[in-house]
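Beneath this line is the structure, given in structure tokens, with notes to follow.
Okay, structure coming up:
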């Protein structure tokens, strides 16, 4: 099987894009997988094919070529036209990109996903329930009240708005003191009158 290939450069060098693709890829059924190879000394990004990014030809790690899928002949023509414009604007008088069809038996296998290198953390275990306290163990631990008697036992509980017995005694004493003193009379006091000779 012969491989189908197109060399792209400035239009003056390679001719019209639509004619080149129609001739080189005649009879292709789209979508088609192709290998795009950048032959320019600088990196290139082509948004026509899902943001295709290729490094310059001077890179030795092979990142100047990539296998991509062309969905239709129209997409292929737009891609080739962009490449021709880049070659013209940069003044390149040579083939700047080669696009070659990959036969089905030559296609790269689907990449196997790498196993996750970061293990998932173990689930947090449920805390043990707090056991009920043993009443035999708590004897003598409550300070002054070893028998566990109610500390408020024998004390009166106060209802809101009511006076306690000590408060009632205080208020009664105050009232009695006012009654014993009686009302005060206006005028001179007897102490002042005796000093003045009266």
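Residue numbers (my numbering): 62 to 259. Here a beta-carbon is modelled for each residue, glycine too, at the ideal position from N, C-alpha and C.
| Query | Result |
| --- | --- |
| Length of the line joining the Cα atoms of residue 91 and residue 141 | 16 Å |
| Residue from 116, 149, 72 whose Cα sits closest to the Cα of residue 125 | 116 |
| The stretch 80-87 / the stretch 98-111 touching (three or more Cβ pairs under 8 Å) | no |
| Collapsed DSSP secondary structure at residue 147 in the structure displayed | helix |
| Distance CB(residue 144)-CB(residue 95) smaller than 8 Å | no |
| Helix, strand or coil at residue 122 [DSSP, three-state] | coil |
| Cβ pair count under 8 Å reaching 3, the stretch 128-142 against the stretch 184-199 | no |
| Residue closest to residue 150, alpha-carbon to alpha-carbon, out of 72, 184, 66, 68 | 72 |
| Opposing strand residues paired with residue 269 [DSSP bridges] | No answer is possible for residue 269: the residues shown for the chain start at 62 and end at 259. |
| Spatial distance of residue 157 from residue 147 (CA atoms) | 9 Å |
| Distance CB(residue 160)-CB(residue 67) smaller than 8 Å | yes |
| Buried versus exposed, by CB contacts within 10 Å (16 or more), residue 106 | exposed |
| When 192, 113, 153 are compared against residue 137, the one with the closest alpha-carbon | 113 |
| Span of the alpha helix (DSSP H), counted from its first residue to its last, around residue 191 | Taken as a continuous stretch (DSSP letters only), residue 191 belongs to no alpha helix (DSSP H), as it is neither H nor E. |
| Per-residue DSSP class, three states only, for residue 33 | This structure does not reach residue 33, given that the chain is present from 62 up to 259, and the question cannot be answered. |
| Identity of the residues DSSP links to residue 187 by a beta bridge | The partner list for residue 187 (beta bridge, DSSP) is empty, contrary to what the question assumes. |
| Pairwise C-alpha distance: residue 70 and residue 123 | 21 Å |
| Separation of residue 110 from residue 97, as counted between CA atoms | 11 Å |
| For residue 168, three-class secondary structure by DSSP | Note that residue 168 has pLDDT 47, beneath the 50 cutoff, so the model's placement of it is unreliable and the number below is only indicative. If DSSP states are grouped into helix, strand and coil, residue 168 belongs with coil. |
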